[in-house]
Amino acid sequence: MNLQKNGLSAVLSTMGVLHFVKAKTFESIVPPQLPGSARFYNFASGLWEIVTGALLRRRATRGFGGASALALFAAVWPANMYHAWIERKSGWPKKLYHIIRQPLQVLLMMYAWNIAKHET
-15 MNLQKNGLSA
-5 VLSTMGVLHF
5 VKAKTFESIV
15 PPQLPGSARF
25 YNFASGLWEI
35 VTGALLRRRA
45 TRGFGGASAL
55 ALFAAVWPAN
65 MYHAWIERKS
75 GWPKKLYHII
85 RQPLQVLLMM
95 YAWNIAKHET
């Protein structure tokens, strides 16, 4: 497996574990307009990230892992936008983080689509 796919797998797996280790941090960026509890969305997305990271590790499941990553990145977009909104009055380091994060999310979605398309 090449370095990029291995890297995406590692990042997703690590972030997934962090959803459980730092639950309150992730729960704080779940949009309150969503039905149900922030804890549910946090743990569900954390588990989804761990599973997707594992799927990307094996050639036999990498295409499905790419499709899963694409769906995951789209599903967490509202939380990323909400996070940017609640920190809109923060200092420039946080603003810059959110300015960079949104286009990066699009690039991650394109990369996941490419994996799904070419690894099946």
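Per our numbering, the very first residue in the sequence shown carries number -15; after that it's consecutive.
All C-beta atoms in this analysis are idealised placements derived from N, C-alpha and C, irrespective of residue type, glycine included.
The structure presented is a predicted model; accordingly, all values stated were derived computationally and were not measured.
Taken atom to atom, the span from the alpha-carbon of ASN64 to that of GLN86 is near 8 Å. In the displayed model, SER12 falls within coil according to three-state DSSP, outside both helix and strand. Counting only the Cα atoms, LEU54 lies some 11 Å from GLY47. In this structure, SER(-7) keeps its C-beta atom at 8 Å or more from the C-beta atom of GLY30. For the set SER52, GLU71, GLN(-12), ILE34, the Cα lying nearest the Cα of ILE13 is the one of GLU71.
Looking from the CA of LEU56, the closest CA among GLY(-9), TRP97, LYS8, ALA7 belongs to TRP97.
In the displayed model, ARG42 falls within coil according to three-state DSSP, outside both helix and strand. Across the set ALA100, PHE27, TRP61, THR104, the C-alpha of TRP61 shows the shortest separation from the C-alpha of LEU88. The DSSP-derived three-state label of THR36 is helix.
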